[in-house]
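Trainee:
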Amino acid sequence: MRIALTINSELRELEVAPGETLLDALRGAGYTGVKRGCEAGTCGSCVVLLDGTPSFSCLLFAAACEGRKVTTIEALGAPNRPHVIMSAFAEEAGVQCGYCVPGMVLTTHALLEQNASPSEEEVRGALDGHLCRCTGYVKQVRAILKAAERLAEERAAGKESSR
Ligand code: FES
Ligand code: FES
Numbered sequence: 256m257r258i259a260l261t262i263n264s265e266l267r268e269l270e271v272a273p274g275e276t277l278l279d280a281l282r283g284a285g286y287t288g289v290k291r292g293c294e295a296g297t298c299g300s301c302v303v304l305l306d307g308t309p310s311f312s313c314l315l316f317a318a319a320c321e322g323r324k325v326t327t328i329e330a331l332g333a334p335n336r337p338h339v340i341m342s343a344f345a346e347e348a349g350v351q352c353g354y355c356v357p358g359m360v361l362t363t364h365a366l367l368e369q370n371a372s373p374s375e376e377e378v379r380g381a382l383d384g385h386l387c388r389c390t391g392y393v394k395q396v397r398a399i400l401k402a403a404e405r406l407a408e409e410r411a412a413g414k415e416s417s418r
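Shown next, in the form of structure tokens:
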């Protein structure tokens, strides 16, 4: 069946099988920043934003995403043009093998859209459902708090220069 949805602000039509997951459909369409982990909703490596909300793409049928807006890590940045959140992860050594990072960065993006200045507890709560086998989470939490600070500084500087 053919479905139409918006992926990273681009209207796309994808040919999907009944029962095909959003994870498989996205990876098949070239969005390989979406990672396959447990395929059971317990690791967070497949997280994408669905209409802005972090969602496990391994648990969603692609066909059920007709007309929805999907954001993958490719929309946020790349190694040669990293998003502030990505830079903070790298600077704070929140990336080792990196497998968990795309999902975490997207969840962080959604968190900071809702709450520009989260507490450490709120950051840890947002990361619930994301497993990392490498870092122990401390560095990633630090990275997220740093990204929040940096984005706040950028906003303040933008306001200042528009006066
Ligand atoms: S692959 Fe989807 S939660 Fe693990
Ligand atoms: S950096 Fe390796 S799983 Fe998180």
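Start counting at 1 in the sequence shown, then tack on 255, and there's your number in this note's numbering.
All residues carry an ideal CB built from backbone N, CA and C; glycine is no exception.
The model shown is predicted, which means the values in this text are computed figures rather than measured ones.
Heavy atom of ligand 1 less than 6 Å from the Cβ of GLU409, yes or no?
Mentor: Walking along the sequence shown from the start, residue 409 turns up at place 154. No.
Trainee: Would DSSP call VAL356 helix, strand or coil?
Mentor: On the sequence shown, position 101 is the one that residue 356 refers to. Helix at VAL356.
Trainee: Just how far apart, CA to CA, sit SER300 and LEU386?
Mentor: Working through the sequence shown from its first residue, we reach residue 300 at position 45. Working through the sequence shown from its first residue, we reach residue 386 at position 131. So the alpha carbons of these two residues sit roughly 8 Å apart.
Trainee: On the DSSP bridge assignment, give the partners of VAL303 in chain order.
Mentor: Indexing the sequence shown from 1 puts residue 303 at position 48. The partner list for VAL303 (beta bridge, DSSP) reads SER310.
Trainee: Can you tell me whether PRO357 is buried or exposed, with buried defined as 16 or more other CB within 10 angstroms of its CB?
Mentor: Stepping through the sequence shown from its first residue, residue 357 is reached at position 102. Label assigned to PRO357: buried.
Trainee: List in chain order: all unbroken alpha helix (DSSP H) runs of 4+ residues lying wholly within the segment 324–379.
Mentor: As far as the segment 324–379 is concerned, its whole alpha helix (DSSP H) runs of at least 4 residues are 328–331, 339–346, 356–369.
Trainee: Is ASP442 buried or exposed, if buried means 16 or more other CB atoms sit within 10 Å of its CB?
Mentor: Here the chain comprises residues numbered 256 to 418, so residue 442 is not present and cannot be evaluated.
Trainee: Three or more C-beta pairs closer than 8 Å, one from the segment 261–270 and one from the segment 335–345: is that the case here?
Mentor: Short answer: they don't touch.
Trainee: Applying the criterion that 16 or more other CB atoms from any shown protein chain within 10 Å of the CB defines a buried residue, is LEU331 buried or exposed?
Mentor: As a position in the sequence shown, residue 331 is number 76, starting the count at 1. With 16 or more other Cβ atoms within 10 Å, it is buried.
Trainee: I'd like to confirm the pairing. Which residues does DSSP put opposite ARG267 in its beta bridges?
Mentor: In the sequence shown, the residue the question calls residue 267 occupies position 12. BP columns for ARG267 point to LEU260.
Trainee: Assuming contact is defined by CB atoms lying nearer than 7 Å, are LYS324 and THR276 in contact in what I supplied?
Mentor: For this step, residue 324 is matched to residue 69 along the sequence shown. For this step, residue 276 is matched to residue 21 along the sequence shown. No; because the gap between Cβ atoms is not below 7 Å, this pair is not in contact.
Trainee: If I follow the unbroken alpha helix (DSSP H) through ASP279, where does it start and stop?
Mentor: Taking the sequence shown and counting its residues from 1, one reaches residue 279 at position 24. Here the alpha helix (DSSP H) through ASP279 covers 277–283.
Trainee: Please output, in chain order, the residues near ligand 4 using a CB cut-off of less than 5 Å to any non-hydrogen atom of the ligand.
Mentor: The model depicted lacks ligand 4 and carries ligand 1 and ligand 2 instead.
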